[in-house]
Amino acid sequence: MPGPAAKQDKSMLLPARTQRLAGRRFVANEIRRELLTFTDQCGLTQRAKSMTRAFAVRLLSLYLTVAFVSFAQTPGSDNDATAAVTGVWRGNSNCMVKPSPCHDEVNVYRIAKVNGKPNIVSVTADKIVDGKEVVMGTLESKYDPQKHSLDSLDGRFHFTVDGNKMEGALTLPDGTVYRRIHLKRDYQGQER
Numbered sequence: 001m002p003g004p005a006a007k008q009d010k011s012m013l014l015p016a017r018t019q020r021l022a023g024r025r026f027v028a029n030e031i032r033r034e035l036l037t038f039t040d041q042c043g044l045t046q047r048a049k050s051m052t053r054a055f056a057v058r059l060l061s062l063y064l065t066v067a068f069v070s071f072a073q074t075p076g077s078d079n080d081a082t083a084a085v086t087g088v089w090r091g092n093s094n095c096m097v098k099p100s101p102c103h104d105e106v107n108v109y110r111i112a113k114v115n116g117k118p119n120i121v122s123v124t125a126d127k128i129v130d131g132k133e134v135v136m137g138t139l140e141s142k143y144d145p146q147k148h149s150l151d152s153l154d155g156r157f158h159f160t161v162d163g164n165k166m167e168g169a170l171t172l173p174d175g176t177v178y179r180r181i182h183l184k185r186d187y188q189g190q191e192r
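Our numbering puts the first residue of the sequence shown at 1, with every later residue one more than the last.
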């Protein structure tokens, strides 16, 4: 004799995503059934009924497509906001503290997503010396999509992102702005 566990609703055993999809199918079937009933009760000609049903089928197909796409997008897939900053950025940086060992520079920043770390990117900063790129260093930074800001994890670099422009600064531990950085996205230099 089956126990209480055998009488358990099978829908409870299905993953939540499968239950959502089943619910959407149920809604789609209910819409279709209501439309067929509506066209039968309106006294429409046979041609008008078939046109209305054809429109309903198209509308239903659109609904199911949208439902499937939203079902396919799961949290943590590739919905990371770092796409707003990844790529190659070129510009210059100006020294704000003079006299100092700092020099104005032409820069190239290469920003790449860090796998497994949401909204974290790797920033490799180069300067141009005698027409060649010289790597100054690489550090991880966090992108905040609400504030449109990119901040190094060590707190020294802060950038504000505005579309294809990025303005930032290198700040010393005492709060002194040591360098101002002005960058623009370089679509031609993007790795594909």
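C-beta: ideal position from N, C-alpha, C; glycine also.
Treat the numbers as computed from the prediction; the structure is a model and nothing was measured.
Item, Value
"Thr138 - partner residues in DSSP beta bridges", "Thr124"
"Opposing strand residues paired with Tyr187 [DSSP bridges]", "Tyr187 is not bridged to any residue."
"Segment contact, 8 Å Cβ cut-off, at least three pairs: the segment 177-189 with the segment 92-105", "yes"
"Thr176 (DSSP reduced to helix, strand or coil)", "coil"
"Pair within 8 Å by beta-carbon distance, Glu133 and Ser122", "no"
"CB of Phe156 within 8 Å of CB of Thr138, strictly", "First, the residue type needs correcting, since residue 156 is Arg and not Phe in the sequence shown. No; because the gap between Cβ atoms is not below 8 Å, this pair is not in contact."
"Buried versus exposed call for Tyr187 [16 or more other C-beta atoms within 10 Å across all chains shown]", "exposed"
"Three-state secondary structure (DSSP) of Thr214", "The structure shown does not extend to residue 214, since the chain is modelled only from 1 through 192, so no value can be given for it."
"His158 - partner residues in DSSP beta bridges", "Asp151, Ala169"
"Nearest-angstrom Cα separation, counted from Asn107 out to Lys184", "10 Å"
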